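>
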Amino acid sequence: MGRTNLFLLLCVIMALLGVCLVKAEDAYKYYTWTVTYGTRSPLAIPQQVILINGQFPGPRLDVVTNDNIILNLVNKLDEPFLLTWNGIKQRKNSWQDGVLGTNCPIPPNSNYTYKFQAKDQIGTYTYFPSTQFHKASGGFGALNIYHRSVISIPYANPDDDFTLLIGDWYNTHHKKLRQTLDSGRSLAFPDGLLINGQAHTTFNGDQGKTYMFRISNVGLSTSINFRIQGHNLKLVEVEGSHTIQNLYESLDVHVGQSLAVLVTLNQPPKDYYIVASTRFTKKVLTTTAVLHYTNSASPASGPLPPPPAYQYHWSLKQARTLRWNLTANAARPNPQGSFHYGRITPTKTIVLANSAPLINGKLRYAVNKVSYVNPDTPLKLADFFNIPGIFSVDSIQSLPSNSGPSTIATSVVPSSLHDFIEVIFQNDETTMQSWHLDGYDFWVVGYGKGQWTPAKRRTYNLVDALTRHTAQVYPESWTSILVSLDNKGMWNMRSAIWERQYLGQQLYLKVWTAQNSYTSEYDIPKNVLLCGKALGHHP
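So the sequence shown is residues -24 to -1, 1 to 515, counted in mature numbering (1 follows the signal peptide of the UniProt record, and there is no 0).
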């Protein structure tokens, strides 16, 4: 074959490859969601709630790994509004995080189009409003990411799956709840528990088949325990991580957490109770749903399956049994080219202690004695446009101190891209805590009672600890996590207990590198909303 013909053949092959590459581009999915008020009666009392496309809870967002999501959000409320995507890593794209540190809120009668990718993720997640205490009135929903056909999962495909959004609920409108917090008082105990926005609901299945139950705690303050009468729960996934498939009679799900279990309908054909109840509360709230066998002739009956022991120790022991499935073929964090996170030496240790001080006579919540306040300009925009005076990188220290009064500040912890850090959540209070980090998952390597010390590292699980985005911290105890900072941006680290987040138990983690390229972070969006001191600047 002559050189000319060979050259032409190569050109044809390259052209065909180009066509194939174009066809292989990850799918795009387009949505338009309109946020309004509406009237519903979740606990049999009519009240104003937040609807998305007329739905309460909001639409279930089902996507496939690596799908590109283009979602136009139209705000028809009388207040600014934002959605955040709980557990979505927003790889190189903190511009779409949907919290006040990264985005201006969407004004009333306006819209914003989110653009992000469900990159290298499989699992059970949620979305919810991040501002103005809107979450107490609704606007939350399920975000489920299914595996691509070329990626195997470590269990047979279930016959169907059910989403259960479980959480505590107030009959009081979010504006009144907000007024209570603004006045410096804590909220009263919730009025009830809901499953998918209802006090009672039914899930239908065929005898002999296996179903996935995707369970998320979308509440404001209370841990829940989940169980199904007469059925075992096979845990298979927690917030995007495939797990060792242990069987449980019940599972604790703390505020902001999600998990998925497989349930085989292998009992006599009748109806069975699905039960959720609050954990570690003097007054126990309980709600039920029904698992209905399609060939059932009998309603659910008998006593409800009892909750586990009240003791925190029972829950802590269960938490230690949640382990990573190292043989599963699925996306997982890969810091510094190795899955062996336990062999990587952390570049920094940060100890974060929560507290509930009075500042200027009002209740606040603090981290290392610093209570966070939102500025009028998102930190991400201030950083991008070099606007001074918006946030402080030295107001919060990496170790807690017992001296000095608590203060108010807009606190940011600086770090470098590709750092590998150890974070200790130290809880010296007598209440349950729950911590979330946007843009990341992390290894939960240790739980323990009392004060954390470096000697506690001997108790860490450095082999198959679970990766997740939200970790509970038991009263007068500590929880330790390891994080690979491989995602540039300004990322919110906050209490998942919404009263605490609203009154200051949060901060931002600035993951920085001098390199400005698509390999580290995407450009500022052309449709970015501007507010505060960022007004008048141009992307």
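Glycine is no exception: its CB is placed at the ideal position from the N, C-alpha and C atoms.
A quick note: this is a predicted structure, and the numbers were derived from the prediction, not measured.
In three-state DSSP terms, what is residue 269?
It is a strand residue.
> I need the straight-line Cα distance from residue 41 to residue 60, nearest angstrom please.
Roughly 19 Å between the two C-alpha positions.
> Residue range of the alpha helix (DSSP H) that residue 153 falls in?
Taken as a continuous stretch (DSSP letters only), the alpha helix (DSSP H) holding residue 153 covers 150 to 158.
> Identify every residue that forms a DSSP beta bridge with residue 398.
DSSP lists 325 and 458 as partners of residue 398.
> Give the straight-line distance between the Cα atoms of residue 198 and residue 512, rounded to the nearest whole angstrom.
Roughly 43 Å separates the two Cα atoms.
> Go through its chain and collect everything with a Cβ distance to residue 213's Cβ below 6 Å, but skip five positions before and after it.
Excluding sequence neighbours, residue 213 sits near 99 and 236.
> What is the rounded straight-line gap between the Cα of residue 462 and the Cα of residue 496?
About 9 Å.
> Quick check: the Cα distance between residue 75 and residue 486, rounded to an integer number of angstroms?
For residue 75 and residue 486, the distance between alpha carbons rounds to 14 Å.
> Between which two residues does the alpha helix (DSSP H) containing residue 296 stretch?
It spans 288 to 296 - the alpha helix (DSSP H) in which residue 296 sits, taken as one unbroken run.
> Is the CB-CB distance between residue 201 and residue 283 below 8 Å?
Contact flag set, yes.
> Which residue wins for smallest C-alpha separation from residue 23, given the options 31, 134, 406 and 14?
Of the candidates 31, 134, 406 and 14, the one whose C-alpha sits nearest the C-alpha of residue 23 is 14.
> On the DSSP bridge assignment, give the partners of residue 388 in chain order.
Answer is 484, bridged to residue 388.
> If we cut at 8 Å on Cβ distances, does residue 54 have a partner in chain B?
Going by chain labels, chain B is absent from the structure shown, which holds only one protein chain.
> Which residues in the same chain as residue 534 place their Cβ atom closer than 6 Å to its Cβ, once the five residues preceding and following it in sequence are excluded?
This structure gives no information on residue 534, because the portion of the chain shown stretches from -24 to 515.
> Quick one: is residue 426 buried, meaning 16 or more other Cβ sit within 10 Å of its Cβ, or exposed?
The residue in question, residue 426, is exposed, as its Cβ has fewer than 16 Cβ neighbours within 10 Å.
> With a 10 Å radius around its C-beta and 16 neighbouring C-beta atoms as the bar for buried, classify residue 164 as buried or exposed.
It counts as exposed.
> Beta carbon of residue 215, beta carbon of residue 446: below 8 Å?
For residue 215 and residue 446, yes; Cβs fall inside 8 Å.
> Work out the CA separation of residue 350 and residue 374 for me, nearest whole Å.
Approximately 21 Å, taken between the alpha carbons.
> Can you tell which of 367, 391, 304 and 239 has the C-alpha that lies nearest to the C-alpha of residue 385?
When each option's Cα is compared against that of residue 385, the closest is 367.
> Applying the criterion that 16 or more other CB atoms from any shown protein chain within 10 Å of the CB defines a buried residue, is residue 364 buried or exposed?
Per the 10 Å Cβ criterion, exposed.
> According to DSSP, is residue 365 part of a helix, a strand, or is it coil?
Correct three-state label for residue 365: coil.
> Below 8 Å between beta carbons: does that hold for residue 229 and residue 410?
No, they are not a contact pair.
> What separation, rounded to the nearest whole angstrom, lies between the Cα atoms of residue 69 and residue 162?
Rounded to whole angstroms, residue 69 to residue 162 spans 35 Å at the Cα level.
> According to DSSP, is residue 72 helix, strand or coil?
Residue 72: helix per DSSP, three-state reduction.
> Which value, in whole angstroms, describes the spacing of the CA atoms of residue 86 and residue 275?
Distance between the alpha carbons of residue 86 and residue 275 is about 48 Å.
> Under a three-way DSSP split, which group does residue 123 fall into?
Coil at residue 123, not helix or strand.
> According to DSSP, residue 248 sits in a beta bridge with which residue or residues?
According to DSSP, which records beta bridges pairwise, residue 248 is partnered with 267.
> Is the Cβ-Cβ distance between residue 301 and residue 130 less than 8 Å?
Closer than 8 Å, so yes.
> Between which two residues does the beta strand (DSSP E) harbouring residue 213 extend?
Unbroken beta strand (DSSP E) run through residue 213: 209 to 214.
> Pick from 484, 331 and 436: whose alpha carbon is nearest that of residue 369?
Checked all of 484, 331 and 436; the closest Cα to residue 369 is 484.
> Do you know how far the Cα of residue 169 is from the Cα of residue 210?
C-alpha separation (whole angstroms): 24 Å.
> Classify residue 504 as helix, strand or coil using the three-state DSSP reduction.
If DSSP states are grouped into helix, strand and coil, residue 504 belongs with coil.
> Could you tell me how far apart the beta carbons of residue 419 and residue 400 are, in whole angstroms, since I believe they sit closer than 8 Å?
Incorrect: roughly 13 Å between the Cβ atoms, too far for contact.
> Between residue 412 and residue 470, how many whole angstroms is the CB-CB distance? I'm expecting something under 8 Å.
Yes, they are in contact, since the Cβ atoms of residue 412 and residue 470 sit about 6 Å apart, within 8 Å.
> Under 8 Å between the Cβ atoms of residue 421 and residue 438?
Taking 8 Å as the Cβ cut-off, residue 421 and residue 438 qualify as a contacting pair.
> What does DSSP give as the partner residue(s) for residue 469 in the beta ladder?
DSSP lists 413 and 483 as partners of residue 469.
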